[in-house]
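Enquirer: In the numbering used here, the protein residues as written are 757 to 1039.
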Amino acid sequence: MELDDEESTELRRRRWARDRELRAPRSPQHLSTADFLTLGNAVCGFLAIYSITTGILIPHLSDESGAPVKHSAATAVTLLLIGSMCDLFDGLVARKLRSSALGAELDNLADLISFGIAPAYFVAVWGLVSPGSNQQLSAFIALTVLLAVVLRLARFSAVKMRPGIFQGMPCPMGAMTVLAIVLLDPPFVPGLLMIFGVAYLMVSRIEYPKPQGLLATATLAWIVVSIGCLASWAAGLPGGDTLMHIGAVAQIALAAMAPLLVIRRKVGEKVGVVRARRAENRG
757 MELDDEESTE LRRRRWARDR ELRAPRSPQH LSTADFLTLG NAVCGFLAIY
807 SITTGILIPH LSDESGAPVK HSAATAVTLL LIGSMCDLFD GLVARKLRSS
857 ALGAELDNLA DLISFGIAPA YFVAVWGLVS PGSNQQLSAF IALTVLLAVV
907 LRLARFSAVK MRPGIFQGMP CPMGAMTVLA IVLLDPPFVP GLLMIFGVAY
957 LMVSRIEYPK PQGLLATATL AWIVVSIGCL ASWAAGLPGG DTLMHIGAVA
1007 QIALAAMAPL LVIRRKVGEK VGVVRARRAE NRG
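Take a look at the structure:
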């Protein structure tokens, strides 16, 4: 019986050692499974920029009337949605399996491409091809989006927040909101003001919950539904335009609702503290 206990203890010790080895960071010369997902995010960002350039910008500059603008725009947004899925899963995979020493740096660089450069480029191209637009003004707003993402990512690396919390709107959410605004093609100046508001939210100090558990599942479901709506819209299926508009409006509403809910919670906490102090003083 004692021998069985010793064998069981030794088996548990070996399992713990194996788990520590699997989860220990690899050397910079090796890439983990999570790193390949991160690189997939970067590839999606580049391909989105390529799709916008070849399918929207070049045909516009060449005065090609039959350019597949709708398909190219849908392809670009779909690629960025897939990049968001890669960004969502790379952290989960890194926590379950062994991560690499390059993981955090790769993640920031990939996010900069997919959620900074790509949406900023989308805004700049919108300012070039949209009737009644101003190229210089759209370029300036596009630059604010890019700088907001750069500052957001730098602050994420430098500032330690409590677990489960992001400070400022997460870059994927901000990028998807910017793209949703452009897809709706609102009047030029109000659209730019909305995009500038998204850039401000990304560098704000408003606290957002990290997508974990049920929230992560809901985020994944939202991405899958959005891809389906965009695919229907790009394919010209009946109701595709309506689905695209519903999805874009829902994304904007979600982005606007999140800070309002956070502010409401903060105000409720402060009111609760004030009431508690008044109750103590009365007592």
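Every residue gets a Cβ at the ideal spot worked out from N, C-alpha and C, and that includes glycine.
If you draw a straight line from the C-alpha of threonine 810 to the C-alpha of alanine 829, how long is it?
Expert: 11 Å
Enquirer: If I'm right that valine 959 touches cysteine 927 with Cβ under 8 Å, what's the distance once you round it to whole angstroms?
Expert: Not quite, the Cβ-Cβ distance comes to about 11 Å (not below 8 Å), so this is no contact.
Enquirer: Entirely within the region 807-840 and at least 4 residues each: give me those alpha helix (DSSP H) ranges in chain order.
Expert: Within the region 807-840, the complete alpha helix (DSSP H) runs of at least 4 residues are 814-817.
Enquirer: Check this for me: beta carbons of isoleucine 873 and leucine 902, under 8 Å apart or not?
Expert: Yes, the Cβ-Cβ distance between isoleucine 873 and leucine 902 is below 8 Å.
Enquirer: Is it true that the CB of alanine 987 sits closer than 8 Å to the CB of lysine 826?
Expert: At least 8 Å separates the beta-carbon of lysine 826 from that of alanine 987.
Enquirer: Quick one: give me the first and last residue of the alpha helix (DSSP H) that proline 965 is part of.
Expert: For proline 965, there is no enclosing alpha helix (DSSP H); the residue is part of the beta strand (DSSP E) that begins and ends at 963-965.
Enquirer: If you check the beta carbons only, do methionine 925 and leucine 957 fall under 8 Å apart?
Expert: yes
Enquirer: What are the partner residues of glutamine 923, as DSSP defines its beta bridges?
Expert: BP columns for glutamine 923 point to Glu963.
Enquirer: Could you tell me the alpha carbon to alpha carbon distance between cysteine 800 and isoleucine 838, rounded to whole angstroms?
Expert: Going from the Cα of cysteine 800 to the Cα of isoleucine 838 covers about 7 Å.
Enquirer: In terms of residues, what are the limits of the alpha helix (DSSP H) holding glutamine 892?
Expert: 891-914
Enquirer: Report the CB separation of serine 788 from asparagine 864 in whole angstroms; it is logged as a contact under 8 Å.
Expert: The pair is not a contact, with the Cβ atoms about 16 Å apart (cut-off 8 Å).
Enquirer: Within this structure, are the beta carbons of leucine 935 and valine 833 separated by less than 8 Å?
Expert: Cβ atoms of leucine 935 and valine 833: closer than 8 Å.
Enquirer: Please classify alanine 866: does DSSP put it in a helix, a strand, or coil?
Expert: helix
Enquirer: For leucine 803, collect the residues of the same chain with a Cβ closer than 7 Å to its Cβ; drop the 5 residues on either side in sequence, then sort them by chain order.
Expert: Leu835
Enquirer: Could you have a look at leucine 993 and say whether DSSP puts it in helix, strand or coil?
Expert: coil
Enquirer: Roughly how far, in whole angstroms, is the beta-carbon of leucine 793 from the beta-carbon of valine 849, given that I think they are within contact range, below 8 Å?
Expert: 6 Å
Enquirer: Any heavy atom of the ligand FMN inside 7 Å of the beta-carbon of asparagine 797?
Expert: Of the ligands one can find in the structure shown there are none, so the ligand FMN has no counterpart to examine.
Enquirer: On a CA-only basis, which of Met929, Ile921, Ile1008 is nearest proline 942? Give me that one, please.
Expert: Of the residues Met929, Ile921, Ile1008, the one whose Cα lies closest to the Cα of proline 942 is Ile1008.
Enquirer: Could you give the residue range of the alpha helix (DSSP H) that holds proline 875?
Expert: 874-885
Enquirer: Let me know if leucine 853 comes out buried or exposed under the rule of 16 or more other beta-carbons within 10 Å of its beta-carbon.
Expert: The residue is exposed, with fewer than 16 neighbouring Cβ atoms inside 10 Å.
Enquirer: Determine whether the beta carbon atoms of isoleucine 1002 and lysine 966 lie at a separation below 8 Å.
Expert: Not a contact, by the Cβ cut-off of 8 Å.
Enquirer: Which word fits isoleucine 1019, buried or exposed, when buried means at least 16 other C-beta atoms lie within 10 angstroms of its C-beta?
Expert: Isoleucine 1019 counts as exposed, since fewer than 16 other C-beta atoms from the protein chains shown sit within 10 angstroms of its C-beta.
Enquirer: Nearest-angstrom Cα distance between isoleucine 937 and alanine 1035?
Expert: 47 Å
Enquirer: To the nearest angstrom, how far is it from the Cα of aspartate 846 to the Cα of tyrosine 806?
Expert: 24 Å
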